[in-house]
Amino acid sequence: MPIPARLAAAAAVLAVVLPGGARAANDLPPPKTDAMPPVEVTITAENGAPRCAPAELRLPAQTNVDLHVTNQSNLQVSLTAPQIFQNKNVLHHDGDVVHVASNDAYLVKANGKGEIRLRTIAPGEYTYGCTATSKQDQPFTGKLTLIDPAK
421 MPIPARLAAA
431 AAVLAVVLPG
441 GARAANDLPP
451 PKTDAMPPVE
461 VTITAENGAP
471 RCAPAELRLP
481 AQTNVDLHVT
491 NQSNLQVSLT
501 APQIFQNKNV
511 LHHDGDVVHV
521 ASNDAYLVKA
531 NGKGEIRLRT
541 IAPGEYTYGC
551 TATSKQDQPF
561 TGKLTLIDPA
571 K
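Its first residue numbered 421, the sequence shown is counted upward by one per residue in the working numbering.
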């Protein structure tokens, strides 16, 4: 069977096997809004300990967000957001960021920049923070407020 015919046959099989169309590996429901707001988080160091700015993030709940992270310190820093950085909520990441095994953090390279596209979770108040790998006893804890975009 020629290659174009094989491709057509494979496409036909997939159309039957996946009647609802191919779904993303994270299988998330549609976001509450079509907007994907960009959000900036900057990491600095104060007396050798990391600080995240802004200290309070307000984001739409259950919405895709484009998080831009800039680490202006010479520290390797874990950016944490329990539940939010789980694989099922991460749509894409790029740059100087690496997903860590805990599933709740991204490691940001010293003086690095990265982008993390993610789906926020249900409305409510959560914590987020940054911890230097060399100063784990001095974490920064910020506040993450997720608001219902319909309100």
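Note that the Cβ used here is the ideal one computed from N, Cα and C, for glycine as well.
Check whether the Cβ of residue i lies closer than 9 Å to any Cβ atom in chain B.
i      : result
Asp568 : Here there is only one protein chain, and chain B is not present.
Note the first and the last residue of the continuous beta strand (DSSP E) segment covering residue i.
i      : result
Thr490 : 484 to 491
Asp514 : 510 to 515
Gly468 : Segment: none, Gly468 is in no beta strand (DSSP E) and carries neither H nor E.
Lys533 : 533 to 539
Leu499 : 497 to 500
Phe560 : 560 to 567
Thr551 : 544 to 552
Ala525 : 525 to 528
Leu448 : Leu448 -> no beta strand (DSSP E), and no H or E assigned at all.
Pro480 : 476 to 480
Would you decide whether residue i is buried or exposed? Buried here means 16 or more other CB atoms lie within 10 Å of its CB.
i      : result
Ala455 : exposed
Arg443 : Unreliable placement is indicated for Arg443, whose pLDDT of 42 sits below 50; the coordinate value is still reported in the next sentence. Answer is exposed; the Cβ neighbour count stays below 16.
Gln482 : buried
Ser498 : buried
Ser522 : exposed
Ala494 : Checking the displayed sequence, the identity of residue 494 turns out to be Asn instead of Ala. It is exposed - the Cβ of Asn494 has fewer than 16 other Cβ atoms within 10 Å.
Pro450 : exposed
Ala469 : buried
Gly441 : Any reading at Gly441 needs caution, since the residue's pLDDT is 37, under 50, leaving its predicted position unreliable; the model's value is listed next. Burial call: exposed.
Gly544 : exposed
Can you tell me the Cβ-Cβ gap for residue i and residue j, rounded? I've got them flagged as a contact below 8 Å.
i      : j      : result
Thr464 : Thr500 : The pair is not a contact, with the Cβ atoms about 17 Å apart (cut-off 8 Å).
Gln506 : Asp524 : 7 Å
How big is the Cα-Cα spacing for residue i and residue j?
i      : j      : result
Thr453 : Thr540 : 11 Å
Ala474 : Asp447 : Position check: residue 474 holds Pro in this sequence, whereas Ala was assumed. Going by the C-alpha atoms only, they are around 31 Å apart.
Lys563 : Tyr548 : 6 Å
Pro480 : His519 : 23 Å
Glu466 : Val528 : 17 Å
Val489 : Ile504 : 15 Å
Asp514 : Lys571 : 32 Å
Arg478 : Ala542 : 13 Å
Val572 : Glu535 : With the chain running from 421 to 571 in the structure shown, residue 572 is simply not present.
Ala530 : Pro569 : 34 Å
Glu460 : Ser554 : 24 Å
Val485 : Leu538 : 5 Å
Thr462 : Glu476 : 12 Å
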